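Residue numbers (this note's numbering): 4 to 465.
Virtual Cβ for every residue (Gly too), placed ideally from N, Cα, C.
The structure displayed is predicted, hence computed values, not measured ones.
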């Protein structure tokens with residue numbers, strides 16, 4: 004059956020649960036990250052696009068409430084902000100609520116758009132997400148998001164999965180579903196009614212499209228949903244899920260960067276093997292380059308361990324919230340689609356990081372050993388050069404010192420020839436002085452060099 008064209012739902016609503024980082028380890032304690040308020044500014048932008056004046060004022064309301072203590076459940080405002088749109092399609096009046104929340108280091112947004120009509124065509128559900136405004140690429144929440152659609156089918160349906168897929172097509176458009184490779188990942192039952200999980204399995208939270216289609220087909224579902232005991236548990240559960248997806252995405256990035264950095268070291272290692280004895284200047288240059296590369300490498304390994312810890316911590320919290328959610332559910336509920344993600348996080352995400360670290364950690368020792376080896380070569384070569392310079396200075400010092408002494412003595416007797424001369428043009432006293440000086444410098448330099456050589460040979464013999 005073509006549910007997209009013929010299907011109808013009652014009182015449909017689409018809820019955006021978006022999560023954005025407020026604090027990070029890179030910032031000072033209690034100092035928000037630079038783009039911490041982007042989530043509220045995005046709501047302001049949506050208010051302009053959807054003609055919802057109250058939504059446009061959200062950043063201002065949050066700014067006023069910043070100095071007030073948040074509630075136990077994390078509300079930033081004193082009440083949930085309700086709104087209606089100025090105008091909308093085909094006499095369908097768009098309304099909704101927004102509830103900004105704060106959970107430790109994270110901002111959470113609950114934005115619901117709804118039609119308060121007992122009969123709405125599935126094809127008209129596109130008005131709840133016009134032009135894909137609520138997709139992750141547009142919201143751009145740093146930790147990701149989940150869309151939850153909840154509605155009561157007007158007529159009895161024979162194929163719930165086909166009906167749910169028709170709702171997905173209406174909310175996202177058939178073209179967008181194909182572009183994003185969205186598929187039905189799991190099927191379960193929540194509060195007595197079927198729920199379908201759609202996803203595109205993108206690694207990045209900002210590219211992942213996670214959508215839950217929850218069909219209200221049982222009276223108990225209406226009762227429990229209105230009671231609202233599941234509400235904060237579901238938000239906390241989805242927050243843990245988003246943090247796990249985000250940490251895994253960052254871990255993938257760190258692994259790729261670490262691999263790339265390691266390949267740089269391999270190039271140095273290969274060139275090191277090919278270097279000849281006269282590579283002092285090259286090695287000296289490497290001592291400035293390799294430590295920086297090594298520091299980056301260690302940084303990536305540290306971040307990998309931090310992301311592993313984040314996944315482990317949020318997996319434990321996820322398990323806690325899932326247990327609480329199970330307690331308020333009916334006996335017929337099936338939350339396996341939620342527990343499957345927990346197994347994925349613990350058995351796949353964490354183990355993958357463990358494997359990556361097992362391969363990458365030895366590279367850190369290789370960096371350290373290579374730096375130590377090159378530093379040792381440079382120090383030995385530098386010591387040789389220093390000794391050579393010292394010897395040269397000694398030779399030159401002795402030579403010039405001896406030459407100066409001889410020159411001083413000769414100068415005193417330069418006008419008194421040692422013997423009679425028959426030269427027609429006698430040699431200038433200045434030339435004679437310079438000549439004797441040069442001869443003295445050469446003589447004392449030769450003597451000093453021979454003395455240093457003999458001393459060096461004697462030291463080696465010992």
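query: Beta-carbon proximity of residue 19 to residue 137, cut-off 9 angstroms; result: yes
query: Rounded C-alpha distance that separates residue 422 from residue 380; result: Residue placement at residue 422 is flagged as unreliable, the pLDDT there being 49, under the threshold of 50; a coordinate-derived value is accordingly withheld.
query: DSSP beta-bridge partners of residue 117; result: 16, 98
query: Contacting residues, own chain, Cβ-Cβ under 6 angstroms from residue 224 (five flanking each side not counted); result: 194, 195, 196
query: Whether residue 115 touches residue 146 by CB criterion (9 angstroms); result: no
query: Neighbour-count burial assignment, residue 16, 16 or more Cβ in a 10 Å radius; result: buried
query: Through-space distance from residue 360 to residue 52, alpha-carbon basis; result: 46 angstroms
query: Whole-angstrom distance between residue 257 and residue 306, CA atom to CA atom; result: 7 angstroms
query: Anticipated Cβ contact below 8 angstroms, residue 101 with residue 61, distance rounded; result: 6 angstroms
query: Beta-carbon spacing of residue 174, residue 131 below 9 angstroms; result: yes
query: Identified DSSP bridge partners for residue 187; result: 201
query: Stretch pair the region 141-155 + the region 204-218: three plus CB contacts closer than 8 angstroms; result: yes
query: Contact under 9 angstroms by Cβ, residue 99 with residue 85; result: yes
query: Residue burial classification, residue 311 (beta-carbon count within 10 angstroms, cutoff 16); result: buried
query: Outcome for residue 364 when other beta-carbon atoms lying within 10 angstroms are tallied against a minimum of 16; result: exposed
query: Spatially closest choice to residue 353 from 314, 372, 362, by CA coordinates; result: 314
query: CA nearest to the CA of residue 151, picked from 124, 133, 198, 308; result: 198
query: Exposure of residue 56, with buried meaning 16 or more beta-carbon neighbours within 10 Å; result: exposed
query: Where residue 34 sits in the DSSP three-state scheme; result: coil
query: Coil, strand or helix - residue 110 by DSSP; result: strand
query: Residues sharing a beta bridge with residue 149, DSSP; result: 20
query: Limits of the alpha helix (DSSP H) - the one that residue 216 falls within; result: No alpha helix (DSSP H) contains residue 216, which is instead part of the beta strand (DSSP E) from 214-218.
query: Candidates 346, 168, 367: closest to residue 8 by CA position; result: 168
query: Cβ-based neighbour list, residue 122, same chain, cut-off 7 angstroms, excluding 5 preceding and 5 following; result: 11, 13, 157
query: Cα-Cα separation between residue 255 and residue 188, rounded to whole angstroms; result: 22 angstroms
query: Residue 269 CB to nearest heavy atom of the ligand GDP below 8 angstroms; result: Annotation note on the ligand GDP: not contained in the displayed structure, which lists no ligands.
query: Beta-bridge pairing of residue 78 - partner residues as DSSP gives them; result: 104
query: Three-pair Cβ contact test at 8 angstroms for the region 366-379 versus the region 289-302; result: yes
query: Nearest to residue 299 (by Cα), restricted to the options 54, 263, 47; result: 263
query: Identity of the residues DSSP links to residue 196 by a beta bridge; result: 193
query: Beta-carbon contacts of residue 356 that lie in its chain and below 7 angstroms, excluding the five residues immediately before and after; result: 254, 307, 310, 311
query: Three-state secondary structure (DSSP) of residue 337; result: strand
query: Exposure of residue 4, with buried meaning 16 or more beta-carbon neighbours within 10 Å; result: exposed
query: Distance, residue 59 Cα to residue 215 Cα; result: 27 angstroms
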